[in-house]
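No gaps in the numbering here: position 114 of the sequence shown is 130 in our numbering, and each next residue is one more.
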Amino acid sequence: MRNRILYKKFVEKIWLISQFHHFGHQKNVKTAGFEIQPHSYCERGPITEQATTSRTLTLLLIVDGGAGSLLVDEEKNVRLLETEAFPKEFLSVATKQARSLDELRASQGLNWTFISPADHFDPAGNKTGEYKTSNDKFNLNRRNESYISYANHAIAVADEIAYLEHLNTGFAVVSV
17 MRNRILYKKF
27 VEKIWLISQF
37 HHFGHQKNVK
47 TAGFEIQPHS
57 YCERGPITEQ
67 ATTSRTLTLL
77 LIVDGGAGSL
87 LVDEEKNVRL
97 LETEAFPKEF
107 LSVATKQARS
117 LDELRASQGL
127 NWTFISPADH
137 FDPAGNKTGE
147 YKTSNDKFNL
157 NRRNESYISY
167 ANHAIAVADE
177 IAYLEHLNTG
187 FAVVSV
């Protein structure tokens, strides 16, 4: 019930900080009742600074992050980006995303959500509408893969905007 009440408060403006924009794959995001402003997250300075500068306009900050910030061990000490298997060409972006997540966790007075896609983020994948979430832990689907299509990830982002199930936390999403 609390989330539904908050949902009604956030109808003015949402910031969507999206890796789709950064990598040139941004699509228009249209959600009834919301004005959504996509922004590239990496080169504009600290994410909390961006959001608090516009605090009078920003009621909810949604960060569409990456898999690099996901935790891969039970002790919650090692992020995917810190493993040998993580692709070096994405390390700079993933490090900035992880830093943004840390800033958000330390922030006060800002409503935010940080969404991490699966490790294999497929622009040509099918839209099934089926996905599962986990906290900030690296997750696998029923085929033992860390996979999600862009289409299913976009559905998960839209669902989070609508239902606010992960307010002030990060979460991961994979196709089922």
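A virtual CB, placed ideally from N, CA and C, is assigned to each residue, including glycine.
Worksheet item: Quick one: Cα of residue 50 to Cα of residue 97, how far?
Response: The pLDDT assigned to residue 50 is 46, lower than 50, so where the model puts this residue is not dependable; a value taken from the coordinates is nonetheless given after this. Straight-line Cα distance between these residues: approximately 33 Å.
Discussion item. Quick check: what's the CA-CA separation for residue 115 versus residue 166?
Written reply: In this structure, the alpha-carbon of residue 115 lies about 24 Å from that of residue 166.
Worksheet item: Counting pairs of beta carbons, one from the segment 157-172 and one from the segment 103-122, are three or more of them closer than 8 Å?
Response: Taking 8 Å as the limit for Cβ pairs, the verdict is that the segment 103-122 does not touch the segment 157-172.
Worksheet entry | Pairwise C-alpha distance: residue 129 and residue 111 | Computed Cα separation, rounded: 18 Å.
Practice prompt. Quick one: grab the DSSP three-state call for residue 112.
Written response: Note: residue 112 maps to helix in three-state DSSP.
Discussion item. Going by beta-carbon coordinates alone, are residue 210 and residue 87 separated by less than 8 Å?
Written reply: Because the chain is modelled from 17 through 192, residue 210 falls outside the range shown and cannot be assessed.
Worksheet item: For residue 169, does the three-state DSSP call read helix, strand or coil?
Response: The three-state reading of DSSP puts residue 169 in helix, counting H, G and I together.
Worksheet item: Curious, which full-length alpha helix (DSSP H) runs of at least 4 residues does the segment 134-181 contain?
Response: Qualifying alpha helix (DSSP H) stretches, in chain order: 166-179.
Practice prompt. Determine, using beta carbons only, whether residue 169 and residue 137 come nearer to each other than 8 Å.
Written response: Contact: yes.
Worksheet entry | Reduced DSSP secondary structure (H/G/I, E/B, other) of residue 125 | In the structure shown, the three-state DSSP call for residue 125 is coil.
Fill in: Residue nearest to residue 156 in terms of C-alpha spacing, selected from 132, 118, 171, 139
With respect to the C-alpha of residue 156, the residue from 132, 118, 171, 139 having the closest C-alpha is 132.
Worksheet item: With 16 other CB atoms within 10 Å as the buried threshold, where does residue 122 fall?
Response: Classification for residue 122: exposed.
Worksheet entry | Helix, strand or coil at residue 118 [DSSP, three-state] | Three-state result, residue 118: helix.
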